[in-house]
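Reading the sequence shown from the start, the letters are residues 327 to 662 in the numbering used here.
Note that CB positions come from ideal geometry on N, CA and C, so glycine has one too.
Scroll down for the structure; my scribbles are underneath it.
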Amino acid sequence: MNARGIILLTGGAGFIGSHVAVEVAAAGWIPVLLDNFCTSERSVVGRISELVGGPVRCIEADIRDAQAMHAAFGSTPVHAVIHLAGLKAVGESVEQPELYHDNNVRGTEVLLTAMDEFGVRRMVFSSSCTVYGTPQRLPIDESHPLSAINPYGQTKLDIERMLDRWVDAGSERHVCSLRYFNPVGAHASALIGESPRGIPNNLMPYVVKVARGELSELGVFGGDWPTPDGTGIRDYIHVVDLARGHVAALERLDSMRHERINLGTGVGASVLEVVHAFERVNGVKVPYAMRPRRAGDAASAFADAGLAERRLGWRARLGLDEMMRDSWAFATRDDG
Ligand code: NAD
Ligand code: UD1
C-alpha cells in the first residue's frame, strides 16, 4: 500500500467509524482507531484489519482523559483526525444531559487541546442533521435555521461552534463538519455493521430485530403524518456511501476553514416504504402495527445534497435496496 499518512479515528470501532476506517485505508491512508468501547466491541478491530488486509492499530482510551490523549498523539504522527467518538441516544441524553455534555462536548475540548499540543491542524467531525431541529423547509440545505430539540442535538451544535472558535484561534486549521442524515446498512462483506445493545430506538435496527423474530412487531410511530402514505419520511443513507464522504472531505480539507456539509441522498423514504423494501429484498416478513406519533418527531426530513456534490465531488451511489440487503446480511451473518 502507498501510505499517505496517519488518520486518527476517534470512535473508530463504532458503526460508522469502522466503515470509515475501511474507506480511509482503501484511499491509501493509515487508519489508527482510538476508542473506549463504551458502545462498541473490541472484536471489531480484528474485523477491520481483515477488511483492510493488515493489522489496524487501536488505542484504547477515553477522549476525556487528557493524559491518555497526550500519550496517543505523542506516540503517533497524525495527519488529520476524524472525530466520531460520541454518545448518540436521544432518549438517554434527555435522562442524562450532563453525561452527554461531558462525553461529547468536554471530550472534544480535551481532544482539541491534545491536537494543539502536537500541532495537528485538521479535523473531520461527525455532526448530524439533528442540528436543524424541526424542519422548516424541505429539502434541508446547510443554511436551514439551527436549533437543538434535545440535549444530544445541543452537543452537536456546541461542538460545531467550538470548532469555529478553534479554526479562528490558530493558523492553518481546517475542519469539515459532516451533517449525517440517517445512516443504515452495513459493509457488503457482512463483517462490520450496526449492532446496538438492548432494544433499538431507531427504525432500521428495530426492523432487523423484528425480522429475526427477536421482537414481535414494529410499532410505526404515526400513520397520520402529512405524507403520501401517512408515515414519517427520512433520508436513509448507506453507511458505505457515508464513509466515502469522509474520504472526500479529507481530500479537500486544506481548502476549508470550517465548512458544514450535509451527507444524505436527497431522497426520502417513508417507514412503510422501508418495511416493504426490506420484505421484498430479503424475502422475510416484518409484522407491524400503527402506534401514536413519537414525541419530538417530524413528518419529513431529507437533505439537499447539492453542496456535498459541488464541494466534495461526492454523491451517494447506493439505494434503499442495497441498504436493506446489507443490513440483513450483517444481521444474519455466520459468526462461527
Ligand atoms: P457508535 O455508538 O456505534 O460509535 C461511537 C463510538 O465512539 C463507539 O465505538 C464508542 O465506544 C466511542 N466513544 C464514545 N464515547 C467515547 C469516548 N468518550 N472516548 C472514546 N471513545 C468513545 O455510533 P455511530 O453511529 O458510529 O456514531 C458515530 C458518530 O456519528 C457519533 O458522534 C454520532 O453522534 C454521529 N452520528 C450518528 C448518526 C447515526 O444515526 N448513527 C447520525 C448522525 C450523527
Ligand atoms: C433519529 C434521532 C435523531 C438523529 C437521526 C439521524 C431520535 C428520537 N432521533 O431520528 O436525533 O439525528 O436519527 O440519525 O432517535 N420509527 C418508527 N418505529 C420505530 C422507530 C422509528 O416508526 O420503532 C420511525 C420514526 O418515527 C421516523 C423513522 O422511523 O419517522 C426514522 O426513525 P429513526 O430511525 O429513529 O430516525 P430519526 O427519527 O430521523
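Whole-angstrom C-beta distance between residue j and residue i, which should lie under 8 Å
i	j	result
leucine 360	valine 371	Contact doesn't hold; Cβ gap of about 11 Å is too wide.
threonine 336	leucine 437	7 Å
serine 344	isoleucine 385	At roughly 15 Å, the Cβ-Cβ gap does not stay under 8 Å, so serine 344 and isoleucine 385 are not in contact.
leucine 489	phenylalanine 451	6 Å
alanine 397	asparagine 362	Actually they are not in contact, since the Cβ atoms of alanine 397 and asparagine 362 sit about 14 Å apart, beyond 8 Å.
aspartate 561	alanine 627	7 Å
leucine 568	leucine 589	6 Å
arginine 499	valine 493	4 Å
valine 431	valine 533	Actually they do not touch by this definition, with Cβ atoms about 32 Å apart.
proline 613	valine 536	7 Å
isoleucine 342	proline 509	6 Å
isoleucine 563	alanine 655	That pair is no contact at about 18 Å.
valine 566	leucine 644	7 Å
glycine 549	methionine 616	4 Å
Heavy atom of ligand 2 within 7 Å of residue i beta-carbon
i	result
tyrosine 532	yes
valine 597	yes
leucine 529	yes
asparagine 508	yes
leucine 589	no
arginine 570	no
tyrosine 426	no
aspartate 555	no
valine 601	no
alanine 631	no
serine 473	no
serine 369	no
Segment limits, beta strand (DSSP E) that includes residue i
i	result
methionine 616	614-617
valine 358	356-361
glycine 545	544-547
isoleucine 485	Premise fails: isoleucine 485 lies in the alpha helix (DSSP H), 477-495, not in any beta strand (DSSP E).
phenylalanine 451	448-454
serine 503	500-506
isoleucine 408	404-409
isoleucine 385	384-386
Buried versus exposed call for residue i [16 or more other C-beta atoms within 10 Å across all chains shown]
i	result
arginine 456	It is worth fixing the name first, because residue 456 is threonine in this sequence and not arginine. Answer is buried; the Cβ neighbour count reaches 16.
alanine 631	buried
glutamine 480	buried
methionine 327	Any reading at methionine 327 must be qualified, since the residue scores a pLDDT of 45, below 50, and its modelled position is unreliable; no value is offered.
glycine 664	Within the shown structure, residues of the chain are numbered from 327 to 662, placing residue 664 beyond reach of any answer.
glycine 338	buried
glycine 539	exposed
glutamate 520	buried
methionine 650	buried
glutamate 468	buried
threonine 434	buried
leucine 638	buried
glycine 331	exposed
alanine 657	buried
cysteine 502	buried
glutamate 543	exposed
arginine 570	buried
Residue i Cβ short of 7 Å to ligand 1 heavy atom set
i	result
serine 419	no
alanine 339	yes
aspartate 388	yes
leucine 638	no
alanine 411	yes
threonine 336	yes
aspartate 561	no
cysteine 364	yes
lysine 535	no
asparagine 476	no
lysine 414	yes
asparagine 608	no
glycine 343	yes
Extent of the continuous alpha helix (DSSP H) run through residue i
i	result
leucine 437	433-443
glutamate 418	416-421
leucine 472	Where leucine 472 is concerned, there is no enclosing alpha helix (DSSP H), given that its DSSP letter is neither H nor E.
histidine 513	From DSSP, histidine 513 is part of no alpha helix (DSSP H); its letter is neither H nor E.
alanine 394	392-400
serine 521	Run containing serine 521: none; DSSP gives neither H nor E here.
glutamate 648	646-657
arginine 373	369-378
alanine 537	529-537
beta-carbon residue i near ligand 4 non-hydrogen atom, thresh 7 Å
i	result
glycine 433	With respect to ligand 4, the structure shown offers nothing to examine, as its ligands consist of ligand 1 and ligand 2.
Exercise for the section: Quick one: which unbroken beta strand (DSSP E) runs of 3-plus residues sit fully inside the stretch 331-358? Chain order, please. Expected result: 332-336
Problem - Complete runs of the beta strand (DSSP E) confined to the stretch 556-619 [at least 3 residues] - result: 562-564, 584-589, 614-617
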